[in-house]
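*Asks:* One line per chain: the protein sequences are A and B, in this order. First residue of the first sequence: 440, per our numbering; consecutive thereafter. First residue of the second sequence: 17, per our numbering; consecutive thereafter. Even glycine gets a Cβ: it sits at the ideal position worked out from N, Cα and C. Because the structure is a prediction, the values reported are computed rather than measured. Structure provided below as structure tokens; questions to follow.
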Amino acid sequence: MSSADYSMGPDRWALLQEVSEFLFTEADLLDERRYNEWLDLLADDYQYSVPLRMNVEYADADTRGETKAGSEVCWFDEPKSTVELRVMQLATGVHWAEEPVSRVSHLVTNVRIEEVSWPEVKLSSRFLVYRNRVADETDFFVGRRKDTLRKTDDGWKVVRRYLLLDQTVLLAKNLSVFL
Amino acid sequence: MTTNICPSSETCPTSETCNTPTLQAVDPHRARSLVDLETGQISREVFFNQEIFDLEMKNLFPRSWLFVGHATQIPNPGDYFSSWMGSDPVLLTRDVDGGVYVLLNSCRHRGMKVCRYDEGNTMQFTCPYHAWSYSMDGSLVNVPGDLFGVPHMKAAYSGKLEKQDWGLVRCPKVYNYKGLVFANWDENAEDFLDYVGDFHWWLDNLADAFDGTPGDTEVFHGVLKWRIKSNWKFVSENFLGDTYHGASTHASVEAIGIGPGGRGKRRHGERQDQGGHSTGRMKTSFRNGHGASDNLAYEIAYPEFVEPEMNEYFDQAWATRKERLDAEGRRLGGRGPATMFPNMSFAAGFPRSILVAHPISPTETEVWRWFLTDKKAPEHVREWLRQYYMRYGGPAGMTEQDDMENWDYATQASKGVVAQRYPYNYQQGLGTEQLSELDRAVHSNHAISGEVNARAFYRRWSEFVDNLGWDELIEIAKSDDRIESIIRRQAEEAAAEVAAGKVNN
């Protein structure tokens with residue numbers, strides 16, 4: 440299904456509704472710090488990638504505008520096992536970057552089905568992650584997100600998450616939140 | 017000491033009604049007066065005073081050897097990498113003949129940044145404003161970076177513009193140390209190798225392959241860049257020898273275990289049977305400001321990995337390195353973390369990484385981080401290191417995240433008017449320094465505590481910020497007066513022991 444096929448009738452709309460609600464639920468679990476429930480929504484072969492963005496010429500923007508996940512330095516480029524380590528770190532109570540606890544809201548919007556190859560669905564969306572910390576420390580992480588979801592007997596799982604954060608220099612002091 | 021030097025204050029007819037603040041002459045001992053080496057106290061003004069920051073920009077950064085980038089970032093003719101040196105944007109470039117240049121990234125006509133790309137390849141930088149162009153092709157211009165094209169040359173300048181006088185400003189001193197490219201704006205500055213001194217052993221361990229092959233390393237593509245709301249010196253000091261913060265600051269990551277040894281093992285993957293942090297890791301402090309968290313005799317082998325194929329590579333690398341260095345009569349230690357004065361920090365082990373703290377204001381810094389790998393590392397080793405580096409360092413790294421929290425909130429809590437009245441405490445290990453075999457260096461007497469490195473760093477810092485000339489800067493660092501103090505103290509201690517009858521002659 441090409442990205443232009445947005446008129447496939449009620450089945451497609453039902454699918455979009457279903458996967459969107461899944462993404463929103465997932466966002467709520469993160470913002471409510473229900474990390475173990477959130478981890479259950481990630482497939483065992485989950486891969487989380489956030490490449491670095493770079494200032495390049497217009498002609499190169501599509502090929503050299505970001506570092507390559509899988510071989511170059513990224514903000515994140517890791518399997519589920521590393522994500523689990525991050526969750527464990529948050530729970531230690533001495534992870535100072537998130538002590539005291541930040542206030543975080545994940546907004547997911549512009550959700551669109553890009554491809555269906557059952558039981559997997561490729562989605563395109565935008566993310567806005569807002570973090571407020573201590574008092575006046577406020578960060579906005581905004582960009583584009585590509586997710587691959589898989590329908591299993593145990594419900595939907597996220598298989599692949601690839602995010603393009605719209606910053607070259609990170610304007611926040613750290614990335615101690617999941618994008 | 018402040019002196020009214022407003023040139024017009026006596027003769028100016030409006031002097032009585034003039035609201036323009038008079039210029040204050042700078043106290044020539046201003047910076048040194050803020051660093052009390054005797055009692056180990058350093059004024060918070062060093063970190064938060066705008067005037068001090070301005071003096072750093074003027075007197076320290078344009079006279080220091082600064083890390084600009086890695087030669088493997090610009091392997092081919094025409095390759096460039098955009099970087100910073102203190103307050104100024106620069107381009108690290110390679111010309112047609114393979115020469116490495118550092119150029120001020122500012123058009124000589126109206127100052128527009130001629131290149132706003134992070135990296136790329138071009139033989140010509142053309143300014144977007146009025147299209148003055150500068151060539152990296154030495155066959156077209158006298159020296160790469162010289163002015164080549166000027167629109168309407170004949171009409172606008174009657175053809176008389178002296179193009180050779182208006183090239184991009186070239187940094188006069190550039191030194192490529194095994195791929196690490198440093199530059200210094202001051203043509204009178206001491207030569208790179210003199211500036212570095214015996215600290216070069218740490219640079220060697222950074223730049224050499226894990227098996228000791230000289231300079232056989234490269235950087236991964238992708239430089240982490242992020243902003244923090246704190247002074248650049250917090251960053252330099254953290255890597256200079258502050259092993260004291262690890263247990264508290266990094267308690268969470270220590271509890272998890274993200275290193276080579278896997279869960280439940282030490283963060284850096286030290287082999288448990290070889291001493292680890294607790295023995296032998298005395299710090300090294302150089303008179304000229306450089307400092308390392310360890311010493312050359314701290315010869316700890318590469319970590320024990322969970323993955324057998326990783327052990328295969330690193331066991332072999334360690335054996336080869338040991339053989340090579342033994343033959344040269346070199347010690348095997350010296351992996352840092354360390355800081356080369358003033359703002360380049362690095363670690364030469366696990367991870368192996370370079371950090372530069374670019375100053376923006378007294379309370380804002382842009383931090384850059386590069387990661388290195390052996391050129392010859394097989395794919396699985398490269399990939400393991402890449403994954404480890406990303407989960408360890410930078411703003412997303414599970415270790416470094418917590419450092420920024422400290423630096424930013426230390427800044428917030430320190431910059432208040434009342435807070436600035438109270439100096440920071442740098443008394444750790446004061447008067448307990450130990451002798452070193454290295455030139456103009458001493459060691460701490462303890463692996464974790466000991467702020468001797470920081471004291472020497474701020475001492476050198478104050479000498480630069482007070483704008484001592486190069487003759488004096490070199491002269492006062494020709495000997496290390498700390499060594500005499502140690503010898504005197506040891507003699508007194510020995511005499512006291514004899515007097516107390518503890519020693520039988």
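Can you tell me whether tyrosine 405/B is buried or exposed? The criterion is at least 16 other CB atoms within 10 Å of its CB, across all chains shown.
*Replies:* By the neighbour-count rule (16 or more Cβ atoms within 10 Å), tyrosine 405/B is buried.
*Asks:* Starting from glutamine 140/B and walking both ways along the beta strand (DSSP E), at which residues does that stretch end?
*Replies:* Element bounds for glutamine 140/B: 140-142.
*Asks:* Could you say if the region 467-475 of chain B and the region 599-618 of chain A meet the contact criterion of at least three C-beta pairs nearer than 8 Å?
*Replies:* Judged by Cβ distances under 8 Å, the region 467-475 of chain B makes no contact with the region 599-618 of chain A, as fewer than three pairs qualify.
*Asks:* Is the number of C-beta pairs between the region 492-503 of chain B and the region 82-99 of chain B that are closer than 8 Å three or more?
*Replies:* The answer is no - the region 82-99 of chain B does not touch the region 492-503 of chain B, with fewer than three Cβ pairs under 8 Å.
*Asks:* Over the uninterrupted alpha helix (DSSP H) stretch that includes alanine 223/B, give me the two end residues.
*Replies:* 216-223 is the extent of the alpha helix (DSSP H) around alanine 223/B.
*Asks:* In whole angstroms, what separates the C-alpha of phenylalanine 463/A from that of phenylalanine 366/B?
*Replies:* Distance between the alpha carbons of phenylalanine 463/A and phenylalanine 366/B is about 39 Å.
*Asks:* Given proline 439/B, which residues of its chain have a CB within under 8 Å of its CB, disregarding the five upstream and five downstream residues?
*Replies:* Result list for proline 439/B: Asp52, Gln57, Ile58, Ser59, Arg60, in chain order.
*Asks:* Tell me glutamine 450/B's beta-bridge partners as DSSP assigns them.
*Replies:* DSSP output for glutamine 450/B lists His459/B as bridge partner(s).
*Asks:* Just to confirm the assignment, what range does the alpha helix (DSSP H) spanning proline 449/A have?
*Replies:* 449-470 is the span of the alpha helix (DSSP H), which, as asked, contains proline 449/A.
*Asks:* When we look at the beta-carbon of threonine 548/A and count the other beta-carbons within 10 Å, is it buried (16 or more) or exposed?
*Replies:* That one is exposed.
*Asks:* Within this structure, are the beta carbons of lysine 245/B and alanine 223/B separated by less than 8 Å?
*Replies:* No.
*Asks:* Return the chain-ordered list of same chain residues with a C-beta closer than 8 Å to the C-beta of methionine 493/A, the five sequence neighbours on each side being excluded.
*Replies:* Taken in chain order, the residues that qualify are Arg503, Gly504, Glu505, Thr506, Thr607.
*Asks:* What residues of chain A sit near asparagine 422/B, judged by a beta carbon separation below 8 Å?
*Replies:* Those are Trp535, listed as they occur along chain A.
*Asks:* Could you list which residues in chain B have their beta carbon closer than 9 Å to that of asparagine 549/A, in chain order?
*Replies:* Within chain B, no residue comes near asparagine 549/A; the closest Cβ sits about 24 Å away, beyond 9 Å.
*Asks:* With contact counted as at least three CB pairs below 8 Å, one residue from each stretch, are the region 116-131 of chain B and the region 232-240 of chain B in contact?
*Replies:* Cβ pair count under 8 Å is below three, so no.
*Asks:* Are the region 471-486 of chain B and the region 322-330 of chain B touching, with three or more C-beta to C-beta distances below 8 Å?
*Replies:* No: the two stretches stay apart, fewer than three of their Cβ pairs being nearer than 8 Å.
*Asks:* Let's test the definition: count the other Cβ atoms within 10 Å of the Cβ of serine 294/B and tell me whether it reaches 16, buried, or not, exposed.
*Replies:* Because serine 294/B sits at a pLDDT of 43, beneath the cut-off of 50, its placement in the model cannot be relied upon, and the point is left open.
*Asks:* What are the boundary residues of the alpha helix (DSSP H) that includes lysine 435/A?
*Replies:* There is no way to answer for residue 435/A, as the model of chain A reaches only from 440 to 618.
*Asks:* Go ahead and label aspartate 450/A buried or exposed: buried means 16 or more other beta carbons lie within 10 angstroms of its beta carbon, across all protein chains shown.
*Replies:* By the 10 Å Cβ count, aspartate 450/A comes out exposed.
*Asks:* Which of the residues in the region 508-529 of chain A, read from start to end, lie with their CB under 9 Å from any CB of chain B?
*Replies:* Taking 9 Å as the Cβ-Cβ cut-off against chain B, the residues of the region 508-529 of chain A that qualify are Gly509, Ser510, Glu511, Val512, Cys513, Trp514, Phe515, Asp516, Glu517, Pro518, Thr521, Leu524, Arg525, Met527, Gln528, Leu529.
*Asks:* Just to confirm the assignment, what range does the beta strand (DSSP E) spanning aspartate 331/B have?
*Replies:* Taken as a continuous stretch (DSSP letters only), aspartate 331/B belongs to no beta strand (DSSP E), being part of the alpha helix (DSSP H) at 324-344.
*Asks:* Taking glutamate 537/A as the reference, which of Arg472/A, Glu465/A, Trp452/A, Asp516/A has the closest Cα?
*Replies:* Closest by alpha carbon: Arg472/A.
*Asks:* In the DSSP assignment, find the beta strand (DSSP E) that holds aspartate 479/A and state where it starts and stops.
*Replies:* Per DSSP, aspartate 479/A belongs to no beta strand (DSSP E) and is neither H nor E.
*Asks:* Excluding the 5 residues flanking aspartate 516/A on each side, which residues of the same chain have their C-beta closer than 6 Å to its C-beta?
*Replies:* Closer than 6 Å at the Cβ level, and outside the excluded window around aspartate 516/A, lie Ser488, Ala508.
*Asks:* Out of curiosity, what's the CA-to-CA distance linking proline 394/B and glutamate 325/B?
*Replies:* Taking the straight line joining both Cα atoms gives about 10 Å.
*Asks:* Would you say asparagine 422/B and threonine 229/B are within 8 Å of each other, going by their C-beta atoms?
*Replies:* Against a cut-off of 8 Å, the Cβ pair of threonine 229/B and asparagine 422/B comes out as no contact.
*Asks:* Anything in chain B within Cβ reach of threonine 531/A, meaning under 8 Å, just list it in chain order.
*Replies:* Within chain B, the residues near threonine 531/A are Ala267, Ser268, Ala271, Ile272.
*Asks:* Count the other CB atoms, across all protein chains shown, that sit within 10 Å of the CB of asparagine 121/B; report buried if there are 16 or more and exposed otherwise.
*Replies:* That one is buried.
*Asks:* What does DSSP give as the partner residue(s) for serine 151/B in the beta ladder?
*Replies:* Paired residue(s): Gln140/B, Asp162/B.
*Asks:* Taking serine 520/A as part of the alpha helix (DSSP H), name the residues at either end of that continuous run.
*Replies:* Segment 519-529, the alpha helix (DSSP H) holding serine 520/A.
*Asks:* According to the neighbour-count rule (16 or more other Cβ atoms, all chains shown, within 10 Å of its Cβ), is threonine 577/A buried or exposed?
*Replies:* Answer is exposed; the Cβ neighbour count stays below 16.
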